[in-house]
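Trainee:
2 protein chains.
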Amino acid sequence: MKRLGYLGPPGTFTEMAAVNYLEAKLDNSSRLEAYIDIERLIMAIADGEVPAGIVPIENSLEGSVNITLDYLAHKVNLKIQAEITLPIVHNLIVKPGVKLDEIEKVISHPQALAQCRDNIKKYLGDTEIVKVNSTAEAVNQLSSRNEAAIGSRLAARRNNLEISKAGFQDESRNWTRFVLLSRPGVNLEAGRARQALAASKTSIILAPVKNRPGILHELLEEFARKNINLTKIESRPTRKTLGDYLFFIDFEGDSQDREIKEILKNLRLKSSYFKVLGSYARLEFTSEELAVEYN
Amino acid sequence: MKRLGYLGPPGTFTEMAAVNYLEAKLDNSSRLEAYIDIERLIMAIADGEVPAGIVPIENSLEGSVNITLDYLAHKVNLKIQAEITLPIVHNLIVKPGVKLDEIEKVISHPQALAQCRDNIKKYLGDTEIVKVNSTAEAVNQLSSRNEAAIGSRLAARRNNLEISKAGFQDESRNWTRFVLLSRPGVNLEAGRARQALAASKTSIILAPVKNRPGILHELLEEFARKNINLTKIESRPTRKTLGDYLFFIDFEGDSQDREIKEILKNLRLKSSYFKVLGSYARLEFTSEELAVEYN
Numbered sequence: 013m014k015r016l017g018y019l020g021p022p023g024t025f026t027e028m029a030a031v032n033y034l035e036a037k038l039d040n041s042s043r044l045e046a047y048i049d050i051e052r053l054i055m056a057i058a059d060g061e062v063p064a065g066i067v068p069i070e071n072s073l074e075g076s077v078n079i080t081l082d083y084l085a086h087k088v089n090l091k092i093q094a095e096i097t098l099p100i101v102h103n104l105i106v107k108p109g110v111k112l113d114e115i116e117k118v119i120s121h122p123q124a125l126a127q128c129r130d131n132i133k134k135y136l137g138d139t140e141i142v143k144v145n146s147t148a149e150a151v152n153q154l155s156s157r158n159e160a161a162i163g164s165r166l167a168a169r170r171n172n173l174e175i176s177k178a179g180f181q182d183e184s185r186n187w188t189r190f191v192l193l194s195r196p197g198v199n200l201e202a203g204r205a206r207q208a209l210a211a212s213k214t215s216i217i218l219a220p221v222k223n224r225p226g227i228l229h230e231l232l233e234e235f236a237r238k239n240i241n242l243t244k245i246e247s248r249p250t251r252k253t254l255g256d257y258l259f260f261i262d263f264e265g266d267s268q269d270r271e272i273k274e275i276l277k278n279l280r281l282k283s284s285y286f287k288v289l290g291s292y293a294r295l296e297f298t299s300e301e302l303a304v305e306y307n
Numbered sequence: 013m014k015r016l017g018y019l020g021p022p023g024t025f026t027e028m029a030a031v032n033y034l035e036a037k038l039d040n041s042s043r044l045e046a047y048i049d050i051e052r053l054i055m056a057i058a059d060g061e062v063p064a065g066i067v068p069i070e071n072s073l074e075g076s077v078n079i080t081l082d083y084l085a086h087k088v089n090l091k092i093q094a095e096i097t098l099p100i101v102h103n104l105i106v107k108p109g110v111k112l113d114e115i116e117k118v119i120s121h122p123q124a125l126a127q128c129r130d131n132i133k134k135y136l137g138d139t140e141i142v143k144v145n146s147t148a149e150a151v152n153q154l155s156s157r158n159e160a161a162i163g164s165r166l167a168a169r170r171n172n173l174e175i176s177k178a179g180f181q182d183e184s185r186n187w188t189r190f191v192l193l194s195r196p197g198v199n200l201e202a203g204r205a206r207q208a209l210a211a212s213k214t215s216i217i218l219a220p221v222k223n224r225p226g227i228l229h230e231l232l233e234e235f236a237r238k239n240i241n242l243t244k245i246e247s248r249p250t251r252k253t254l255g256d257y258l259f260f261i262d263f264e265g266d267s268q269d270r271e272i273k274e275i276l277k278n279l280r281l282k283s284s285y286f287k288v289l290g291s292y293a294r295l296e297f298t299s300e301e302l303a304v305e306y307n
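Those protein sequence lines, which keep their order, are chains A and B. Each residue of the first sequence is one higher than the last, beginning at 13 in my numbering. Each residue of the second sequence is one higher than the last, beginning at 13 in my numbering.
As C-alpha cells, this is what we get:
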C-alpha cells in the first residue's frame, strides 16, 4: 500500500489538498499520514521514511510559506511532482445550536485569525482570541458552548460541529498552492488520472554568479526572448551574507522541452547556485469541484 | 515630546531597532511606545494616533514579513522614512544559576524557536516547547527554574535573568530589516544625526497593465539601462484574482534624482497600480555597534 504524507493534523486544508489530489488521480489505495509540522514532513520524505508528501507553498493573502522554500533551497534535494491549488474557505464553527451572542472566545491558527480579523470584530466584537498550531487543532479542541473555532468544513463535519458562518474570511478570494514532493527519480505521475496531468510548469532556484546592476534583467531576457511566461519571482536573502539574494522563479513549460532546456542551460552558466525543483502538472480546484470537502 | 511607536512588548528586537535608531539620530527626547501587533501599529500611524513607528519588514532566514508588506500595499498610505538593519542574536535565558539539565521547557516566539531548532535539540534534547507571541513575552513570563526562554539580551537584563547560551540560533548570520513609517509629508530625517542620513534606497509596488510573457523583463529594462541596482524583488498575489501579481521592488537611489524620476515615470505608464513607498536612508548596525543592547 502506498503512503502519502501531509501537514496535519487531520482536518487541515493540506489534508483536503491531499484527498482531492488522490481523487483526481483515481487513487483509492494510498494511505494518508499526518505529520505535525512542515519541517518534519520534508525531512521524512528526504530520509525515505515516507515516499511522498504534500505541503503548502504559497497563500494568496500571506505570500510564500517561507519554511517550505527554505527547506527546498537549503536542506534537502527533493522534486516537486505536482501543484494543487485550493480555495481556502474559513468557517466559524460552534457546538450545535450555539448562537453568536453566546461566544466569548475564538480559537484558531494565527493566519486564519488574521484572515478573519474584520469579521471577528463585526460579528463577535472584542472577543477573546486563542491561537493554536492549526485550524484542525482548534476545531478538535472545541469543548464548550461559549467557544468558537475557525476552520475547514471537513474538520467541522468530523467533529459533529455546526457551521455558524460559512466563508468567514474577510476577503472572499483566498487560495493556497500546495506541492507534492518526493525524492528525485520517483515518478508519481504515472498511472491513471481523471484528467491528463502533463508537466506544464517548472520551478527553479538560482543565485547569479555576481550581483550587479542589470543582472536580473539579463537573466529574465532568456525567458522573454522565447516568450515564456513567468508565474512567480521572489528574491530571498541567502543564509550566508547580507545583501546576497537567491531567486525563486516559476514559469510555464516543461524542463524536457527543447526551448526550456536551452533557457536552463544558459541560466546555469550565469549562476553560482542553480537548482531545478521540478516540472510538474497543476491541479486547480474550484469550490464546486471540491467534492470531498462537502461529502 | 515626540513619540515613536514600535512592535512591542518592551524587549523585542524591534525595540532594539528603535533605540539604536534614536541613538544614531542623537535623539534623546523621543518617547517609545509599544504596540501589541504590527497591524495595530500601522493603523495607529495611518490614523495619526502616533506620528511614526518602526516595524520589521524582512528577516534573513524567514523572508518578508507578509503582514507589513500587505498593509503597505493594500490598507494604508504611509511612507518609509528609514531602514534599520540589526543582527538578530537569540540567547537561551534562564533564572540565575540554572544548569542546562534542569531545563524541562523552552518558551519563545515560533520564529525564534524555529531559528534555534537544532541547538534546542543538541543542548536540551526532547524538551517541551511553548510558543508565545513574542520573544520579550517569553522572557517576561519566565517564572521557574525548569524553564528557559529564547530572547534578546535586553529582555534578559531587564528581568535580571541569566544568559545560559549566547548566540543560540543555528545560523550565526541572522539579521532583520526594520522600517520607520510615517504619514506622507512628514520629514523625520531633518535634524542632527551621528552620520549623514541621505536617502539612498527606494521601495515601490507595482502591477503591470497586463500580465504577459516578458513584461517583467521589460519593466526591469528601465533599471538596467540606467545601471541602477535592484536590492530586492518579490511578486506577490494580488488580493483579487488568481494569477495576478504585484511586484515589490527595492533599488538603490533617491526618487528625487533625475534618472530615478525618469524610471519611475516610465514604470508608472506601464502599470495599472503604482505606489512609491518612499526613498530613505539605510542604517546598518553590526553586533559591535549595538551599544544599546549591551549597556
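Virtual Cβ for every residue (Gly too), placed ideally from N, Cα, C.
Buried or exposed: which applies to B/Pro99, given that a residue is buried once 16 or more other Cβ atoms fall within 10 Å of its Cβ?
Mentor: Buried, because 16 or more other Cβ atoms sit within 10 Å of the Cβ of B/Pro99.
Trainee: What is the rounded straight-line gap between the Cα of B/Ile132 and the Cα of A/Asp256?
Mentor: Their Cα atoms are separated by approximately 28 Å.
Trainee: Under the three-state reduction of DSSP, which class applies to A/Val57: helix, strand or coil?
Mentor: It should be pointed out that residue 57 of chain A corresponds to Ile in this sequence rather than to Val. Correct three-state label for A/Ile57: helix.
Trainee: Compare the C-beta of A/Pro68 with all C-beta atoms of chain B and state if any pair is closer than 8 Å.
Mentor: It does not: the Cβ of A/Pro68 has no partner Cβ on chain B nearer than 8 Å.
Trainee: Tell me, please, which residues DSSP counts as bridged to B/Val118.
Mentor: Answer is B/Ile141, B/Ala160, bridged to B/Val118.
Trainee: Since A/Phe235 meets chain B, which of its residues come closer than 8 Å, beta carbon to beta carbon?
Mentor: Near A/Phe235 (Cβ distances below 8 Å), the residues of chain B are Pro225, Gly226, His229.
Trainee: Is it a yes or a no for the region 180-198 of chain B touching the region 144-152 of chain B, going by three-plus beta-carbon pairs under 8 Å?
Mentor: No, they do not touch.
Trainee: Report the three-state DSSP secondary structure of B/Lys111 (helix, strand or coil).
Mentor: If DSSP states are grouped into helix, strand and coil, B/Lys111 belongs with coil.
Trainee: Check whether the Cβ of B/Ile245 sits closer than 7 Å to any heavy atom of the ligand HEM, and report yes or no.
Mentor: Judged by which ligands are present, the structure shown has none, so any question about the ligand HEM falls away.
Trainee: Contact criterion: CB-CB distance below 8 Å. Does A/Leu232 meet it with respect to chain B?
Mentor: Cβ-Cβ to chain B under 8 Å: yes for A/Leu232.
Trainee: Return the chain-ordered list of same chain residues with a C-beta closer than 7 Å to the C-beta of B/Ala30, the five sequence neighbours on each side being excluded.
Mentor: The residues are Leu16, Tyr18, Leu44, Ile66.
Trainee: To which residues of the same chain is B/Tyr83 closer than 6 Å at the C-beta, ignoring the five residues directly before and after it?
Mentor: Correct list, in chain order: Ile54.
Trainee: If you draw a straight line from the C-alpha of B/Asp182 to the C-alpha of B/Leu173, how long is it?
Mentor: Going from the Cα of B/Asp182 to the Cα of B/Leu173 covers about 22 Å.
Trainee: Since B/Glu271 and B/Phe260 are thought to touch, with beta carbons under 8 Å apart, how far apart are those beta carbons, to the nearest angstrom?
Mentor: Wrong, their Cβ atoms sit about 21 Å apart, outside the cutoff.
Trainee: Short check: CB of A/Asn186 to CB of A/Gln127, under 8 Å?
Mentor: Yes, the Cβ-Cβ distance between A/Asn186 and A/Gln127 is below 8 Å.
Trainee: When burial is assigned at 16 or more other CB atoms within 10 Å of the CB, is B/Ser284 buried or exposed?
Mentor: When all chains shown are included, B/Ser284 counts as exposed.
Trainee: Hey, would you say B/Ala148 sits closer than 8 Å to B/Ile105, going by beta carbons?
Mentor: No, the Cβ-Cβ distance between B/Ala148 and B/Ile105 is not below 8 Å.
Trainee: What residue does the alpha helix (DSSP H) around A/Leu136 start on, and which one ends it?
Mentor: Looking at the DSSP string, the run of the alpha helix (DSSP H) that includes A/Leu136 is 129-136.
Trainee: Can a CB atom of chain A be found closer than 8 Å to the CB of B/Ile48?
Mentor: It does not: the Cβ of B/Ile48 has no partner Cβ on chain A nearer than 8 Å.
Trainee: Going by DSSP, what residue range makes up the beta strand (DSSP E) through A/Tyr18?
Mentor: From DSSP, the beta strand (DSSP E) with A/Tyr18 extends over 15-19.
Trainee: Quick one: what does DSSP say B/Phe235 is sitting in, helix, strand or coil?
Mentor: Correct three-state label for B/Phe235: helix.
Trainee: Hey, is A/Leu242's beta-carbon within less than 8 Å of any beta-carbon in chain B?
Mentor: Yes, A/Leu242 counts as interfacial toward chain B.
Trainee: Tell me the DSSP secondary structure of B/Phe25 in three-state form.
Mentor: B/Phe25: helix per DSSP, three-state reduction.
Trainee: Please list the terminal residues of the continuous alpha helix (DSSP H) segment that includes A/Val151.
Mentor: Start and end: 147-152.
Trainee: Are any of the Cβ atoms in chain B nearer than 8 Å to that of A/Pro249?
Mentor: Yes, A/Pro249 lies at the interface with chain B (some Cβ there is under 8 Å from its Cβ).
Trainee: So, A/Ala168 versus A/Ile175, is the Cβ gap smaller than 8 Å?
Mentor: Yes.
Trainee: Within 10 angstroms of its Cβ, does B/Arg224 collect 16 or more other Cβ (buried), or is it exposed?
Mentor: Classification for B/Arg224: exposed.
Trainee: Tell whether a beta-carbon distance below 8 Å holds between A/Glu95 and A/Val221.
Mentor: For A/Glu95 and A/Val221, no; Cβs fall outside 8 Å.
Trainee: Which same chain residues end up closer than 6 Å to A/Lys107 when comparing Cβ atoms and leaving out the 5 residues on each side of it in sequence?
Mentor: Hits under 6 Å: Arg157.
Trainee: Could you name each continuous alpha helix (DSSP H) segment of 4 residues or more that falls completely within the region 30-103 of chain B, going from the start of the chain to the end?
Mentor: Correct list: 50-58, 78-82.
Trainee: For chain A, find out if any of its Cβ atoms is closer than 8 Å to the Cβ of B/Glu114; answer yes or no.
Mentor: No, B/Glu114 does not count as interfacial toward chain A.
Trainee: B/Ala219 bridges to which residues according to DSSP?
Mentor: B/Tyr285, per the DSSP bridge assignment.
Trainee: I'd like to know if B/Glu74 contacts chain A, where contact means its C-beta is closer than 8 Å to some C-beta of that chain.
Mentor: Yes, contact with chain A.
Trainee: Output yes if chain B places a C-beta closer than 8 Å to the C-beta of A/Glu174; else output no.
Mentor: So no, A/Glu174 is outside the interface.
Trainee: With burial defined as no fewer than 16 other Cβ atoms inside 10 Å of the residue's Cβ, what is the status of A/Arg129: buried or exposed?
Mentor: So A/Arg129 ends up on the exposed side.
Trainee: Can you have a look at B/Ile240 and say buried or exposed, based on whether 16 or more other CB atoms are within 10 angstroms of its CB?
Mentor: Buried.
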